[in-house]
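If you're matching positions, the sequence shown starts at 2 in our numbering and goes up one per residue. Let me begin by presenting the structure, written as C-alpha cells, before commenting on it.
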Amino acid sequence: MKLATATMFVAIASACITTGAFASPEKGLEIAIEADSRDKGFGDSTAQMTMILMDKYGQSTERAIRNRTFEGDNEGDKSLVIFDSPGDVRGTAFLSHTKKADSDDQWLYLPALKRVKRIASSNKAGPFMGSEFSYEDIASQEVEKYTYNYLRDEELNGLDCFVVEYDPVDPKSGYKRQIVWMDKAEYRVHKIDFYDRKDALLKTLTYEDYNQYLDKFWRSNRLVMINHQTGKKTELVFADWKLQTGMTERDFEKSALKRTR
C-alpha cells in the first residue's frame, strides 16, 4: 500500500513538472532583473559587425556595419546602426530609442532619398533590412517590456541554465512569447526560441563566442537567427568591441542620422 502510494506521488510530481505546475513568475522576474543589473554601467559601446544573409538554398550576401550603443538611465538604451557596404545600402542608418514602458522610437535614414523615415509601432515585427531580425529584435530588451515565468533548470551546451518564458507586454509585438536559456554562472543569454502570434515556433536565436570586457561586461561575437518557417538564416558577427568610449546622447539624436559617415 505504501509502495503504491509512493509510486503514485512520483507520477503526479513528474506530471506537474512536465506541465509547468512549478513554474514561477516571481523567480522569472528575479532572474531578468539580475541579468539586467549585471550589465549596468557599461556607458556606451562600439563594434564592427558583419551581417550575413542566407536564403533557404544556402546562398549568402554580406553587409558591413558599424554598431553604436548608449546606455540609458531613466529610459532604455539608444542604438545606432550604420551600413558601410555593399553600395546599395551604404550610408543607410538606423536609430532606436528604446522605451521601458511605451513603444520604442525608431528611425531609418535612406541616403538615396536623403530622408529620415519613422518606423511605425505597427511595423516593429517587420524584417530589419531584409534580415531574419525584426525591428523589435534590434532594440534593447528592457525588463519592463515583458512579464516573466521561470520554467525549469536545463543544461545547454554543457552549461547549467535557467529556462524562462518572456511574454511581451506590447500587444503590437510580433511574438506571443519567447523561451530564453540563460546560464546560471554569468546570467548570459545563450538561446531564444521565438513563437509567433499563433504560438507556433517562428525563429531561434543563438549567442556564441562570449568575451568579457572591463572585467565585467559580456558580449557575444556571433549571433545566429534561424527562421524555421522560411528556412532563411541571418548571422551577425561582431569584432573590435570598445566600451566607455565617451559618446554622449547628442550622438544618438535624430539629427545625427544625416551626419553619419
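Note that CB positions come from ideal geometry on N, CA and C, so glycine has one too. Quick caveat, the model's predicted, so the values are computed rather than measured.
- Counting along the chain, P26 sits inside the alpha helix (DSSP H) bounded by residues P26 to R39.
- If you draw a straight line from the Cα of A94 to the Cα of W242, it comes to about 19 Å.
- A Cβ-Cβ distance of about 15 Å is found for the pair F43 and F253, leaving them out of contact under the 8 Å criterion.
- Only exposed fits H229, as fewer than 16 other CB atoms lie within 10 angstroms of its CB.
- Counting along the chain, no beta strand (DSSP E) covers Y58, and no H or E run does either.
- Note that the region 157 to 167 does not touch the region 102 to 114; fewer than 3 beta-carbon pairs, one per stretch, sit closer than 8 Å.
- Under the three-state reduction of DSSP, R220 is assigned to strand.
- Within the region 132 to 190, the complete alpha helix (DSSP H) runs of at least 4 residues fall at 136 to 139.
- Counted as a single uninterrupted DSSP element, the beta strand (DSSP E) harbouring L81 occupies residues K79 to S86.
- A distance below 6 Å between beta-carbons, with the five flanking residues on each side excluded, links T62 to the following residues of its chain, in chain order: L54.
- In the DSSP assignment, P128 is bridged to S135.
- Cβ-Cβ distances below 7 Å link E137 to K125, A126, S174 and G175 in the same chain, with the five nearest sequence neighbours on each side left out; the list follows chain order.
- As DSSP reads the structure, A257 sits in no beta bridge.
- With at least 16 other beta carbons inside 10 angstroms of its own, L258 counts as buried.
- Around the C-beta of E166, 16 or more other C-beta atoms lie within 10 Å, and the residue is accordingly described as buried.
- The beta carbon of T261 sits closer than 8 Å to the beta carbons of L81, I83, G92, A94 and Y110 from its chain, once the five residues preceding and following it are set aside; these are given in chain order.
- Check the Cα spacing between L215 and each of G232, D45, L206 and D106: the tightest is with D45.
- For D210, the enclosing beta strand (DSSP E) stretches over residues L202 to Y214.
- Per DSSP, the beta-bridge partners of F95 are V82 and L109.
- Membership of R251 in any beta strand (DSSP E) is not indicated, and neither H nor E is assigned to it by DSSP.
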